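These notes concern the structure reproduced below.
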Amino acid sequence: FINDLSYDASRYKLTVIFLLLFLLITIFSVFFNVFYEGKDVISLTNLPITQKEIFYSKFLFMIINSASSILILAVLNIISTIKYTNDNILLSIIIVFIYTIIISLCVLFITMLISSFLTNIKLFKKYRTAFIVVSQVVLFMLIFGSYFFMIPVFMSGEVTPISQYKGDFFLNVITSPTSFQSLSKILVLAGILVVLLWLLNKFVIEPYFTHNISLAENSNKNNNVTKQNKNKAFNKKRIFDSMTMQSFKNGTLISNNILSPFISICLFIGIIIVFRGHNYLQQDLIILPTAIIVGTVGAIFLYSTASFSALAISIDYKNFEYIKTLPLHLKQFLLRKLFISTILQILISSVLFIVCIVILNTSLFFSITAMTTFLAVSIIHSIYMFTKDLKKPFTNWNNITQLLLRGGSQMKQLLIFFAVIIITNVIIAITVLFTNIFPNLWWLLSGIYIAIIITIGVTFTIILNREIKYFQ
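In short: position in the sequence shown from 1, add 6, done, that's the numbering used here.
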């Protein structure tokens, strides 16, 4: 993209706007989770620290989790400045970095103000989980709708070289950061930031704890235990299902399980469109290895580390130790928990995978094979993630964002994610190349892939049985 800026300068504005919108949805999600779904707010008020110190510590946690989005914007701005400015490079880099931080904080503060305002709506107080899920999904759809709107603009033939471009708010600051106009814009943004900080302190920070305690009390009223009919038969399955669904009742967790697979699809939408209806995908037996790999890759990427089964044990927080002391068949409870979490995840990801297959416009044979593989690998992946969480549950978390990262770094997870993308793309490329060069050996490669999947599935099932047998 940066190399093409001299070819079409107007693309820069669209890219920056999209990155700022992506930062907005990141903050929106983390804000609700950290400030209004955390389990530590009430307990922290009893500690010998001020309420503002608690708020600022949560704010810092939110900044750290949004750092990757801010870093991408900063790198884009700095590299563009180095390449296109004629001003002093070192001074320009410093100014552009400050400008990036200011504009990012403006977006952050505006998002916090809007989000905090939404928590005062009666609908939020009564249906907090549903409100968070719906609002995050709608916002996400709007932002990524703008992404799909930008694609035709980027691919259109109408271009304006940087030498002929009149400029815009974003590009002018980057190309001439030391000019009077750019410095004036940055000062105006700094002034807006100060005003936003005052508004944040007045309407969010000061009433935060009073408002949060009020929400907690309202939540407790809504969660009152209803009396059960004494004549009603004791149904263990129903109790296990109820306990499992109750533990999954978190707005950020649900929205993550809906949105994460969709984000993965967006990363591959370009490749899907390019290969749509390709002759290679219309073949029968020859494409069996490719269909198996596509189903496997789909299951891996649509079944993220934020999936229900990956957090099935840890989501119970510190209550898991208490659950182990209850007079119930713990092994049956865990197996039921695995079953429900797997079904929930497959229901979400299967819809998206079917949409991808339909867009690809493949043969019926390819579609059936890929979907069968997808379901099989999804179940295997679910067993693996559930067993991993059972062996090492992370129960010392205060909010879902912390649980999703398991106390680790978001940047580390991003690096692993992109490394997996590269590896899977290489495997797909090798598979396609092999079936084109040796079409008569499709059965050999298919047999190898099927054997690997079965072996891994059996191995993970044995490991699960070994771990779960201790819970009677």
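No residue lacks a Cβ here, since even glycine has one placed at the ideal position from N, Cα and C.
Note that the structure is a prediction, hence the values are computed from the model and not measured.
State the start and end residues of the unbroken alpha helix (DSSP H) segment that holds residue i.
i      : result
Val201 : 186 to 206
Ile459 : 448 to 474
Lys343 : 336 to 366
Glu327 : 325 to 329
Val491 : Past the boundaries of the shown model lies residue 491; the chain is included only from 7 to 478, so the question cannot be answered.
Ile127 : It is not in any alpha helix (DSSP H) - Ile127 carries neither H nor E in the DSSP assignment.
Leu291 : Segment: none, Leu291 is in no alpha helix (DSSP H) and carries neither H nor E.
Leu410 : 406 to 411
So what does DSSP say about residue i, is it helix, strand or coil?
i      : result
Pro399 : coil
Tyr62  : helix
Thr517 : Since the first and last residues shown for the chain are 7 and 478, residue 517 lies out of range.
Phe274 : helix
Tyr309 : coil
Asn71  : helix
Ser98  : helix
Asn1   : Residue 1 is absent from the model: the chain starts at 7 and stops at 478.
Thr21  : helix
Ile116 : helix
Tyr214 : helix
Ser369 : coil
Thr232 : Here Thr232 scores only 45 on pLDDT, less than 50, and its place in the model should not be relied on; the value that follows carries that caveat. Correct three-state label for Thr232: coil.
Tyr42  : helix
Asn481 : There is simply no residue 481 to check, as the chain begins at 7 and stops at 478 in what is shown.
Ala80  : helix
Thr56  : coil
Tyr286 : helix
Tyr390 : helix
Mind reading off the beta-carbon distance from residue i to residue j? Whole number of angstroms is fine, and I expect it under 8 Å.
i      : j      : result
Gln351 : Asn256 : Incorrect: roughly 15 Å between the Cβ atoms, too far for contact.
Thr106 : Asn83  : 5 Å
Lys315 : Thr348 : Residue 315 is actually Ser in this sequence, not Lys. 6 Å between Cβ atoms; contact.
Phe38  : Thr117 : Not confirmed; about 10 Å, so no contact.
Leu317 : Asp395 : 6 Å
Thr441 : Thr296 : 6 Å
Phe424 : Cys272 : Not a contact, Cβ separation roughly 14 Å.
Thr250 : Lys343 : 5 Å
Leu145 : Ile31  : 6 Å
Val102 : Pro183 : 5 Å
According to the Cβ coordinates, are residue i and residue j closer than 8 Å?
i      : j      : result
Ile76  : Leu29  : yes
Ser373 : Ile363 : yes
Gln142 : Ser261 : yes
Leu195 : Ile78  : no
Phe137 : Leu148 : no
Thr467 : Ile346 : no
Ala376 : Gly453 : no
Gln176 : Val22  : This sequence places Phe at residue 176; Gln is not what is there. Yes, these two residues count as a Cβ contact at 8 Å.
Thr181 : Leu287 : no
Trp448 : Ile298 : no
Ser267 : Leu203 : Before going further, note that residue 267 is Pro rather than Ser in the sequence given. No, the Cβ-Cβ distance between Pro267 and Leu203 is not below 8 Å.
Ser188 : Val179 : yes
Ile278 : Leu366 : yes
Leu411 : Ser74  : no
Ser152 : Phe65  : no
Cys112 : Ile192 : no
Ser122 : Phe209 : yes
Quick check: the region 300 to 307 against the region 395 to 409, are at least 3 beta-carbon pairs closer than 8 Å? no
Does the region 463 to 477 touch the region 375 to 394, meaning 3 or more C-beta pairs lie closer than 8 Å? yes
Count Cβ pairs between the region 67 to 74 and the region 96 to 103 that sit closer than 8 Å; are there 3 or more? no
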